[in-house]
Amino acid sequence: MIIGVAGLNGAGKGEVIKLLEAKGFVAMSLSDVIRDVLRAQGLDESRERMIEAGRVLRAEGGPSVLGERMLAKMDPAGDYAVDSVRHPAEVEPLRGDGRPFLLLWVDANESVRFDRMRARGRVGDPETLEELRILEARELGSANPAAQQLNAVQEISDRVLKNDAGIDVLSAALDEALTSVIAS
Numbered sequence: 064m065i066i067g068v069a070g071l072n073g074a075g076k077g078e079v080i081k082l083l084e085a086k087g088f089v090a091m092s093l094s095d096v097i098r099d100v101l102r103a104q105g106l107d108e109s110r111e112r113m114i115e116a117g118r119v120l121r122a123e124g125g126p127s128v129l130g131e132r133m134l135a136k137m138d139p140a141g142d143y144a145v146d147s148v149r150h151p152a153e154v155e156p157l158r159g160d161g162r163p164f165l166l167l168w169v170d171a172n173e174s175v176r177f178d179r180m181r182a183r184g185r186v187g188d189p190e191t192l193e194e195l196r197i198l199e200a201r202e203l204g205s206a207n208p209a210a211q212q213l214n215a216v217q218e219i220s221d222r223v224l225k226n227d228a229g230i231d232v233l234s235a236a237l238d239e240a241l242t243s244v245i246a247s
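Just so you know, we're using my numbering here: the sequence shown kicks off at 64 and counts up by one.
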């Protein structure tokens, strides 16, 4: 089984990945494909550079290139949790692999996400709500087909996991989503 995990910054995608790892899924990130390219070029991994490198990879290799490269690294018999889905075309090779596939959209309200981002203190995270809104406006959608398209990813997601109420509620919602896929 392959589970794709997407959502806005600070929504709790990393927590979902940890929960899936505890269930035996191997965690992988589409961002790691971009990081590999940046490291090979001797470049830093800032948020801005990651976004630009992802755009370049999609422009040169097609919008599904990150999903294709990720799939090539997977054992056909394994179960994977794939983080950082940021373009709907990245889903196509993963969904088309023949294994059960589930795309989860992790959601939390803006103030919760902003507080989480401030608490984690990651370099490049916005320092004000206005900076967060500007960042998200850029990531949600663009006329450039090689840019991030989070609105489109949300539209094709199979399930939405609300993450405003704590880890126990999130874990229960994840269990319900997994049960629905296994039952079908």
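Glycine included, each C-beta is placed from N, C-alpha and C at the ideal position.
Buried versus exposed call for residue i [16 or more other C-beta atoms within 10 Å across all chains shown]
i, result
"Leu192", "exposed"
"Pro139", "exposed"
"Asn72", "buried"
"Arg185", "exposed"
"Ala235", "exposed"
Beta-carbon proximity of residue i to residue j, cut-off 8 Å
i, j, result
"Leu129", "Leu93", "yes"
"Leu101", "Ala116", "yes"
"Val223", "Asp170", "yes"
"Glu78", "Ile197", "no"
"Glu108", "Arg121", "no"
"Arg112", "Leu213", "no"
"Ala240", "Leu165", "yes"
Member of the options whose CA lies at the smallest distance from the CA of residue i
i, options, result
"Pro163", "Leu224, Gly70, Ile245", "Ile245"
Rounded distance between the beta-carbons of residue j and residue i, thought under 8 Å
i, j, result
"Asp142", "Phe88", "5 Å"
"Ser220", "Leu167", "6 Å"
"Arg118", "Ala210", "5 Å"
"Ala144", "Ala69", "About 12 Å; that fails the 8 Å criterion."
"Ser127", "Ala103", "So it is not a contact: roughly 21 Å between Cβ atoms."
According to DSSP, residues forming a beta bridge with residue i
i, result
"Lys136", "Its beta-bridge partners do not exist; DSSP assigns none."
"Val145", "Gly67, Met91"
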